[in-house]
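K.L.:
Take a look at this one; I'll ask things after.
Protein chains: 2
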Amino acid sequence: MTLQPIEVRPSAVEACAGSLRDAVLRGDFVEGARLPPERQLAQTLGVNRVTVRGALSRLVVEGLLSVRQGSGYVVQDFLASGGPELLPALVGHADRQGASTLVKDLLEVRRGLAQVVLTRLAGRRVKKAELAAIERAISAMEACAAGPLRDVAEADFAVLSAVVAATGSAAFRLTLNPIGQVLLTLPGLAAAMYRAPLENVAAWRVLAGWLAAPVPEGIPLILSALAERDEATVQQLKRKS
Amino acid sequence: MTLQPIEVRPSAVEACAGSLRDAVLRGDFVEGARLPPERQLAQTLGVNRVTVRGALSRLVVEGLLSVRQGSGYVVQDFLASGGPELLPALVGHADRQGASTLVKDLLEVRRGLAQVVLTRLAGRRVKKAELAAIERAISAMEACAAGPLRDVAEADFAVLSAVVAATGSAAFRLTLNPIGQVLLTLPGLAAAMYRAPLENVAAWRVLAGWLAAPVPEGIPLILSALAERDEATVQQLKRKS
DNA sequence: TTGACAAATTGGTCGGACCACCATACCAAT
DNA sequence: ATTGGTATGGTGGTCCGACCAATTTGTCAA
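Here the protein sequences come in this chain order: A and B. Take the first sequence: its letters are residues 127 to 367, numbered as in the working numbering. Take the second sequence: its letters are residues 127 to 367, numbered as in the working numbering.
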């Protein structure tokens, strides 16, 4: 009994949201154009109006649509108004080349944030409690290294999250969270990134060691290690799928 | 006739979402605890169940709650699962000191992303079309420098957005978008940041000039200028409110 | 004590109705 | 011909009541 991959049936509004999101990203509706009215969409999708309303409001939050009472839903330029949570859908619509580029760029963003975090941490004393939390997260990752990849990925993100938490900055954490969640949902990414989970654990241990005496000179080494791992991940991703 | 600040009445589900969000962030519900059922919340808030459902689903997307059919809504650790769009609400619940710290950190995140973007742009040739778009955005900002602050802030963000767009990376843009939107909604921030809009325009022009021949050596100067402006903004914010 | 079963609770969906806002076309006054 | 008001239909926003589906809880028998 290694694992039990439960499968959940997505809710109706989730299905509707996915369908509509795909349609928008596919370009079925011209940007700036108006979507069909809710009632018509409901009939087309064979679902109640309340359900499509839920889906549409979701897309509005995501930045794909805007809405005004009495007027209707208009397609937005999601690159100018959307959030990172759109990336999985974008990856789904891109070819192999485009998908790997998207992932590569997202990892670059993550490294950039990591650099800011490390820079901020440099020279400061990290509280013992937070250092202990990081150690705990690393150990947890080591513990599930042989288990399902999904758990490894989550544990890996938990370590990074703990490091970011050590900055004591809510803005940092809230900015990183969506990126981590996106990385978790990208299919095949975990398989490409955690081919040898224990190496990742070792890398984290290096970072934890640095945190004990965070001198700025140590940052480039850590960052280059991250870059190496990310590069290998992208290469593996290209080769695989 | 300088401007006409229209006022819109927020929708019912927005109001409900705000009320519930405040309650959660204020700690009225213990983390991990279950919220009252939808029907009860509807009665308490004096609104239909459909309406509170909309508000609750919104909070789920924001990472404040999780939900399971038959079980209920449970409060999440938003620092571990929330997105940057929570920051305005957080600022509203913080004291003066905490609020300015939140803003300062968010600006630090933005500078970090700017650094990554500039690093990526360095050494590459920026396409003429994108350079022109940046110039256009700067001119648009200059044009509305004397107008309402809200427009200045939007134009300023549009410039940064154009610069990021020059990277050709969707991940970069989608990561930055929420941060920009948050900065736009923070009350009083525009007043603190754009006390002399023309200076900001001049700074952008410097950046645009660098983009014509993006040598890595020019990056620190631009970044330090940004840091200076952000620092001044935070100081002004502390002093003011 | 344990396991299965039944009832109550709770979120998810449905159908229809009405209200508020908006877009358009039309008409009257200038 | 232009302007301003008005009427009509369309569209999103909210409400009501009902039922379905998943979960939790309580109960009882083995």
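Backbone N, C-alpha and C fix where the C-beta goes; we use that ideal spot for every residue, glycine too. Keep in mind that this is a model prediction, so the values were computed, not measured.
Got a sec? Which residues, its chain only, sit under 8 Å from residue 353 of chain A by beta carbon, not counting five neighbours each side?
P.N.:
Along the first sequence, one-based indexing puts residue 353 of chain A at 227. Excluding positions up to five away in sequence, the list reads 237.
K.L.:
Could you give the distance in angstroms between the alpha-carbon of residue 181 of chain A and the alpha-carbon of residue 143 of chain A?
P.N.:
Taking the first sequence and counting its residues from 1, the one referred to as residue 181 of chain A is at position 55. Taking the first sequence and counting its residues from 1, the one referred to as residue 143 of chain A is at position 17. C-alpha separation (whole angstroms): 4 Å.
K.L.:
Less than 8 Å between CB atoms is the rule here; does residue 283 of chain B satisfy it with respect to chain A?
P.N.:
The sequence position of residue 283 of chain B within the second sequence is 157, counting from 1. With 8 Å as the cut-off, residue 283 of chain B does not count as an interface residue toward chain A.
K.L.:
Kindly list the residues whose CB is nearer than 8 Å to the CB of residue 267 of chain A, restricted to its own chain and excluding five residues on each side of it in sequence; keep chain order.
P.N.:
Here residue 267 of chain A corresponds to residue number 141 of the first sequence, with the count starting at 1. The answer, listed in chain order, is 278, 281, 282, 284, 285, 323, 326, 327 and 330.
K.L.:
Tell me whether residue 321 of chain A sits in a helix, a strand or coil according to DSSP, three-state version.
P.N.:
The residue labelled residue 321 of chain A in the question sits at position 195 within the first sequence. DSSP places residue 321 of chain A in coil when its eight states are reduced to three.
K.L.:
Where do the N-terminal and C-terminal ends of the alpha helix (DSSP H) with residue 368 of chain A fall, by residue?
P.N.:
Absent from the structure is residue 368 of chain A, since the part of chain A shown begins at 127 and ends at 367.
K.L.:
Going by beta-carbon coordinates alone, are residue 217 of chain B and residue 205 of chain B separated by less than 8 Å?
P.N.:
The residue labelled residue 217 of chain B in the question sits at position 91 within the second sequence. The residue labelled residue 205 of chain B in the question sits at position 79 within the second sequence. No. Outside cutoff.
K.L.:
Determine the direct distance from the alpha carbon of residue 198 of chain B to that of residue 302 of chain B, and round the result to whole angstroms.
P.N.:
Here the question's residue 302 of chain B lines up with position 176 in the second sequence. Here the question's residue 198 of chain B lines up with position 72 in the second sequence. Cα-Cα distance, rounded: 33 Å.
K.L.:
For residue 198 of chain A, name the three-state secondary structure that DSSP assigns.
P.N.:
Walking along the first sequence from the start, residue 198 of chain A turns up at place 72. Residue 198 of chain A falls in the strand class under three-state DSSP.
K.L.:
From the DSSP secondary-structure annotation, give me the bridge partner or partners of residue 160 of chain A.
P.N.:
Numbered from its first residue, the first sequence carries residue 160 of chain A at position 34. DSSP output for residue 160 of chain A lists A:200 as bridge partner(s).
K.L.:
With distances taken Cα to Cα, identify the nearest neighbour of residue 207 of chain A among A:155, A:186, A:291 and A:169.
P.N.:
For the purposes of this step, residue 207 of chain A is identified with residue 81 of the first sequence, where counting begins at 1. Of the listed residues, the one whose Cα sits closest to residue 207 of chain A is A:186.
K.L.:
Name, please, each residue of chain B whose Cβ falls closer than 9 Å to the Cβ of residue 210 of chain A.
P.N.:
Numbered from 1 along the first sequence, position 84 holds the residue referred to as residue 210 of chain A. What residue 210 of chain A touches in chain B: 209, 297, 300, 301, 303 and 304.
K.L.:
Quick one: which chain B residues come within Cβ less than 8 Å of residue 187 of chain A?
P.N.:
Here the question's residue 187 of chain A lines up with position 61 in the first sequence. Residues of chain B passing the Cβ test: 184 and 187.
K.L.:
Closer than 9 Å between beta carbons: that is the criterion. Which residues of the stretch 165 to 180 of chain B meet it against chain A?
P.N.:
Here the close residues are 176, 179 and 180.
K.L.:
Is residue 214 of chain B helix, strand or coil by DSSP?
P.N.:
Reading the second sequence from its first residue, position 88 is the one you call residue 214 of chain B. Helix at residue 214 of chain B.
K.L.:
Can you check which of these residues, B:258, B:290 and B:215, is closest to residue 248 of chain B by C-alpha distance?
P.N.:
Position 122 of the second sequence, counting from 1, holds the residue named residue 248 of chain B. Among B:258, B:290 and B:215, the Cα nearest to that of residue 248 of chain B belongs to B:290.
K.L.:
Give the list of continuous alpha helix (DSSP H) stretches no shorter than 4 residues that lie fully inside the stretch 298 to 343 of chain B.
P.N.:
Complete alpha helix (DSSP H) runs here, min 4: 315 to 319 and 323 to 338.
K.L.:
So residue 239 of chain B contacts chain A; which residues on that side make the cut at Cβ distance below 9 Å?
P.N.:
Reading the second sequence from its first residue, position 113 is the one you call residue 239 of chain B. Within chain A, the residues near residue 239 of chain B are 235, 238, 239, 242 and 301.
K.L.:
Counting contacts by CB-CB distance shorter than 8 Å, is residue 226 of chain B in contact with chain A?
P.N.:
Position 100 of the second sequence, counted from the start, is the residue given in the question as residue 226 of chain B. It does not; no Cβ of chain A falls within 8 Å.
K.L.:
Please compile the residues from chain B whose C-beta is within a distance smaller than 7 Å of the C-beta of residue 334 of chain A.
P.N.:
Along the first sequence, one-based indexing puts residue 334 of chain A at 208. What residue 334 of chain A touches in chain B: nothing, since even the nearest Cβ is about 19 Å away.
K.L.:
Report the neighbours of residue 206 of chain A on chain B: residues whose CB is nearer than 9 Å to its CB, in chain order.
P.N.:
By 1-based counting over the first sequence, the position of residue 206 of chain A is 80. Chain B residues near residue 206 of chain A: 284, 287, 291, 299 and 303.
K.L.:
Name, please, each residue of chain A whose Cβ falls closer than 7 Å to the Cβ of residue 161 of chain B.
P.N.:
Numbered from its first residue, the second sequence carries residue 161 of chain B at position 35. Within 7 Å Cβ-Cβ: nothing; residue 161 of chain B doesn't reach chain A, min ~18 Å.
K.L.:
Excluding the five sequence neighbours on either side, which residues of its own chain have a C-beta within less than 6 Å of the C-beta of residue 184 of chain B, listed in chain order?
P.N.:
Residue mapping note: residue 184 of chain B aligns to position 58 of the second sequence, counting from 1. 143, listed in sequence order.
K.L.:
For the alpha helix (DSSP H) containing residue 270 of chain B, list its first residue and its last residue.
P.N.:
What you label residue 270 of chain B is simply residue 144 of the second sequence in a count that begins at 1. Per DSSP, residue 270 of chain B belongs to no alpha helix (DSSP H) and is neither H nor E.
K.L.:
On the CB-based measure, 16 or more other CB atoms within 10 Å of its CB, does residue 357 of chain B come out buried or exposed?
P.N.:
Here residue 357 of chain B refers to the residue found at position 231 of the second sequence. Burial call: exposed.
K.L.:
Would you verify that the beta carbon of residue 203 of chain A is, or is not, closer than 8 Å to some beta carbon of chain B?
P.N.:
Residue 203 of chain A sits at position 77 when you count from the first residue of the first sequence. For residue 203 of chain A, the answer is no, since every Cβ of chain B falls outside 8 Å of its Cβ.
K.L.:
Measuring alpha carbon to alpha carbon, tell me which residue in A:234, A:166, A:226 and A:170 is nearest residue 350 of chain A.
P.N.:
Taking the first sequence and counting its residues from 1, one reaches residue 350 of chain A at position 224. With distances taken between Cα atoms, residue 350 of chain A lies closest to A:234.
K.L.:
Select from the stretch 333 to 354 of chain A all residues with a C-beta closer than 9 Å to any C-beta belonging to chain B, and list them in chain order.
P.N.:
Listed by position, the residues of the stretch 333 to 354 of chain A near chain B (Cβ gap below 9 Å) amount to none.
K.L.:
Can you confirm whether the stretch 239 to 256 of chain B touches the stretch 335 to 346 of chain B when touching is taken to mean that 3 or more C-beta pairs between the two stretches lie within less than 8 Å?
P.N.:
Segments in contact, yes.
K.L.:
By DSSP, does residue 283 of chain A sit in helix, in strand, or in coil?
P.N.:
Taking the first sequence and counting its residues from 1, the one referred to as residue 283 of chain A is at position 157. In the structure shown, residue 283 of chain A sits in a helix (DSSP, three-state: H, G or I).
K.L.:
Among B:338, B:145 and B:196, which one has its Cα closest to the Cα of residue 251 of chain B?
P.N.:
Working through the second sequence from its first residue, we reach residue 251 of chain B at position 125. When only C-alpha atoms are compared, the closest one is B:338.
K.L.:
Where does residue 263 of chain B land, buried or exposed, given buried means 16+ other C-beta within 10 angstroms?
P.N.:
Locating residue 263 of chain B in the second sequence gives position 137, counting from the first residue. When all chains shown are included, residue 263 of chain B counts as buried.
K.L.:
Does residue 231 of chain A get closer than 8 Å to chain B when you measure Cβ to Cβ?
P.N.:
To locate residue 231 of chain A, count along the first sequence from 1; it is residue 105. By this cut-off, residue 231 of chain A is an interface position.
K.L.:
Note down, in chain order, each residue of its chain lying with its Cβ closer than 8 Å to the Cβ of residue 203 of chain A, except the 5 sequence neighbours on either side.
P.N.:
Residue 203 of chain A sits at position 77 when you count from the first residue of the first sequence. Excluding residues within five positions, the ones whose Cβ falls inside 8 Å are 157.
K.L.:
For residue 317 of chain A and residue 275 of chain A, what's the separation of their Cα atoms in angstroms?
P.N.:
Residue mapping note: residue 317 of chain A aligns to position 191 of the first sequence, counting from 1. Residue mapping note: residue 275 of chain A aligns to position 149 of the first sequence, counting from 1. So the two alpha carbons sit approximately 7 Å from each other.
K.L.:
Rounded to whole angstroms, how far is the Cβ of residue 191 of chain A from the Cβ of residue 200 of chain A, which I believe are closer than 8 Å?
P.N.:
Sequence index remark: in the first sequence, residue 191 of chain A carries index 65 (1-based). Sequence index remark: in the first sequence, residue 200 of chain A carries index 74 (1-based). That pair is a contact at about 7 Å.
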